[in-house]
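Step one of this worksheet: look at the structure below.
There are 2 protein chains.
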Amino acid sequence: MPTKSKDSWKIPKVAVAVDLAVLTVRDDELQILLIERAISPFRGQLALPGGFIASEREDIDAAAVRELAEETGLDANTLHLEQMRTYGTPERDPRGRVVTVCYLAVVPDLPLPTAGGDARAAHWEPVRTVLDDSTSVAFDHGSIIADAVDRARGKLEYTTLGAAFCASPFTISELRHVYETVWGQRLDPRNFHRKVTGVEGFLVATGERTTRDGGRPAALFRRGDARLMHPPILRAAKQ
Amino acid sequence: MPTKSKDSWKIPKVAVAVDLAVLTVRDDELQILLIERAISPFRGQLALPGGFIASEREDIDAAAVRELAEETGLDANTLHLEQMRTYGTPERDPRGRVVTVCYLAVVPDLPLPTAGGDARAAHWEPVRTVLDDSTSVAFDHGSIIADAVDRARGKLEYTTLGAAFCASPFTISELRHVYETVWGQRLDPRNFHRKVTGVEGFLVATGERTTRDGGRPAALFRRGDARLMHPPILRAAKQ
DNA sequence: GAAATAGTGTCTCTTAGACAATATGCG
DNA sequence: CGCATATTGTCTAAGAGACACTATTTC
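What follows is the structure, given as structure tokens:
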């Protein structure tokens, strides 16, 4: 905090933006929501949704919620949204100094409400193609996306974030599929079932069951109130 | 990121600061480094060390390192420093809009090099007295400190951050004392010993031993290269 | 030897992981 | 019934937690 001995000197002011890393599991892949930039710099390139704070009075979290609605049509009340990290190297934006506060959002694979609003060409892209550089993104958004994926992978272990990837109500198979996709790792269906049903507050049974082509119908659940999972579900150790 | 359809409108600029939550274990307590504010607002009150970025060109991480040196005399090369979270509610600073990027630092209990520089009245305060409001701090620094403590407590579980609280070389007893103090929880010395010595890369034996009054001398260790601990040391479940 | 602290070993119980068996729908 | 998927159960091995014992120093 400001505690300079001399009060009399100019405090530099910089532009503050928010960026959103919106993740989902879709087509058996972890995917991220990208938009096509309409303006320079990086015009026409893919980038994270986001933007500058609207005024000097706008709260940062509120700006994230607003940009989410404006650029993707998504409603922050229906999804997981958390602040992730701030990126502030001086050269990260060619127009000048921009400090951006990044948020991680997790949504189920539902049709994007791109209909109205400012949503231009928002679409899903597998994170795989971003991480291996076969899809290039604007600014330093590549490393932001890498950070977001790391964060999501880690949080599946010790929080109930996995359920935020599932449209409610969901089956345990669907939840397991989220874990398998995000971690890129197969999990034993029976052990997974035992584990997640044993975590108090993770899942709330609706009493309903799926109706489907073949196979026994699965029980349907909603996300419970628990946010932390204790003990965690650990990934296999680094290979 | 900036992707407004209309390019022609004023981008609000705000002051950006960095704040430092420097933690140590001292006198059997988790303590935090606070300074006495020399200027208004909150003049004379305790606050986290920190300050505005020096210029439009200064990197955020660099600003944290600089403020750490200026306000506490500590050298970022000798300690653990990581970005924690950004605080940006509009009313958090009475002087106007200030967005502050907060860093968590962890240091061993060594004499503060307060001798030279800008270090004014930097001193250690038990976090307990801040968390229970018996010590009041400026701005929203109370909740920042609470977040920093949460972060540190959590990171002891699945990282080797604990060793950053110890002056090198250190004994396993000293490391255990860090865990016990930060978590506020007794740990079995024998199980702890077995656990931490079993984590590859956590501890590097120096071959030296302590010399002391009574009791068998303890082996001395340095911090190893490992930063993540797999599997983690879990705290007892919430009681 | 007594006191103090370090370090090793052992036992038990919980739980993760592998895998078999049963349940319940559909055609 | 046969197929497909869900769910429960069983076994084993690894690890956490409790606790006893041995080791090495100083006085």
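If you read the protein sequences in the order shown, they are chains A and B.
Going by UniProt numbering, the residue at position 117 of the first sequence is 117; the numbering climbs one at a time, nothing skipped.
Going by UniProt numbering, the residue at position 5 of the second sequence is 5; the numbering climbs one at a time, nothing skipped.
The beta carbon of each residue, even a glycine, is placed where N, CA and C say it ideally should be.
Roughly how many angstroms lie between the CA atoms of residue i and residue j, to the nearest whole one?
i, j, result
"Asp-59 of chain A", "Pro-12 of chain A", "20 Å"
"Gly-201 of chain A", "His-123 of chain A", "33 Å"
"residue 240 of chain B", "Val-106 of chain A", "No information on residue 240 of chain B is available, as it lies outside the stretch 1 to 239 that chain B covers here."
"Gly-44 of chain A", "Ser-143 of chain B", "41 Å"
"Asp-140 of chain A", "Thr-100 of chain B", "21 Å"
"Gln-83 of chain A", "Arg-85 of chain B", "8 Å"
"Ala-219 of chain A", "Glu-208 of chain A", "6 Å"
"Thr-129 of chain B", "Leu-30 of chain B", "10 Å"
"Ser-168 of chain B", "Leu-203 of chain A", "46 Å"
"Pro-217 of chain A", "Thr-211 of chain A", "6 Å"
"Pro-113 of chain B", "Val-25 of chain A", "51 Å"
"His-177 of chain B", "Gly-73 of chain A", "51 Å"
"Ser-136 of chain B", "Asp-27 of chain B", "21 Å"
"Lys-4 of chain A", "Val-196 of chain A", "Summary for Lys-4 of chain A: the model assigns pLDDT 45, below 50, so the residue's position carries little reliability; its value from the coordinates is reported in the next sentence. Whole-angstrom Cα-Cα distance: 52 Å."
"Ala-15 of chain B", "Arg-190 of chain A", "53 Å"
"Ala-138 of chain B", "Asp-75 of chain B", "25 Å"
"Arg-225 of chain B", "Val-65 of chain B", "What sits at residue 225 of chain B in the sequence shown is Asp, not Arg. Whole-angstrom Cα-Cα distance: 22 Å."
"Ala-115 of chain B", "Glu-36 of chain B", "Since pLDDT at Ala-115 of chain B reaches only 49, below the 50 mark, its modelled position is unreliable, and no value is offered."
"Ala-164 of chain B", "Asn-77 of chain B", "12 Å"
"Trp-183 of chain B", "Ala-152 of chain B", "9 Å"
"Asp-133 of chain A", "Phe-42 of chain A", "16 Å"
"Asp-150 of chain A", "Thr-181 of chain A", "13 Å"
Identify the residues that DSSP records as bridge partners of residue i: which are they?
i, result
"Arg-97 of chain B", "BP columns for Arg-97 of chain B are empty, so no partner."
"Thr-171 of chain B", "Paired residues: none, contrary to the question."
"Phe-221 of chain A", "A:Phe-170 and A:Ala-205"
"Tyr-179 of chain A", "Answer is none; Tyr-179 of chain A lacks a bridge partner."
"Gln-83 of chain A", "A:Tyr-103"
"Lys-88 of chain B", "A quick correction: the sequence has Gly, not Lys, at residue 88 of chain B. Partner(s): none; Gly-88 of chain B has no beta bridge."
"Leu-33 of chain B", "B:Trp-124"
Please state whether the Cβ-Cβ distance between residue i and residue j is less than 8 Å.
i, j, result
"Met-229 of chain A", "Thr-171 of chain A", "no"
"Ala-205 of chain A", "Leu-23 of chain A", "no"
"Ala-69 of chain B", "Ala-63 of chain B", "no"
"Leu-33 of chain B", "Leu-46 of chain B", "no"
"Pro-231 of chain B", "Leu-234 of chain A", "yes"
"residue 285 of chain A", "Ala-146 of chain A", "There is simply no residue 285 of chain A to check, as chain A begins at 1 and stops at 239 in what is shown."
For residue i, which of the options has the nearest alpha-carbon?
i, options, result
"His-193 of chain B", "B:Glu-174, B:Asp-109 and B:Arg-26", "B:Glu-174"
"Gly-162 of chain B", "B:Asp-188, B:Leu-34, B:Pro-108 and B:Gly-198", "B:Pro-108"
"Gly-88 of chain B", "A:Arg-92, A:His-80, A:Leu-68 and A:Glu-56", "A:Glu-56"
"Glu-67 of chain B", "B:Asp-19, B:Asn-77, B:Phe-42 and B:Asp-28", "B:Asp-19"
"Glu-71 of chain B", "B:Arg-223, B:Arg-227 and B:Gly-51", "B:Gly-51"
"Trp-80 of chain A", "A:Asp-93, A:Tyr-103, A:Val-98 and A:Gly-96", "Per the sequence shown, the amino acid found at residue 80 of chain A is His instead of Trp. If we check each option's Cα against that of His-80 of chain A, A:Tyr-103 comes out closest."
"Ile-39 of chain A", "A:Ala-21, A:Glu-91, A:Arg-95 and A:Ala-236", "A:Arg-95"
"Ala-236 of chain B", "B:Arg-223, B:Gln-185 and B:Arg-97", "B:Gln-185"
Quiz item: Given a limit of 8 Å on CB to CB distance, which residues of the segment 12-35 of chain B reach chain A?
Solution: Pro-12, Lys-13, Val-14, Ala-15, Val-16, Ala-17, Asp-19 and Ile-35
Quiz prompt | Against chain A: residues of the segment 225-237 of chain B by CB proximity under 9 Å | solution = Leu-228, His-230, Pro-231, Pro-232, Leu-234, Arg-235 and Ala-237
Practice problem: Could you name the residues of the segment 140-160 of chain A whose beta carbon sits closer than 9 Å to any beta carbon of chain B, in the order they occur along the chain? | Solution: His-141, Gly-154, Glu-157 and Tyr-158
Exercise. Scan the segment 77-93 of chain B for residues whose Cβ lies nearer than 7 Å to a Cβ of chain A and list them as they occur along the chain.
Key: Gln-83, Arg-85, Thr-86, Gly-88, Thr-89 and Pro-90
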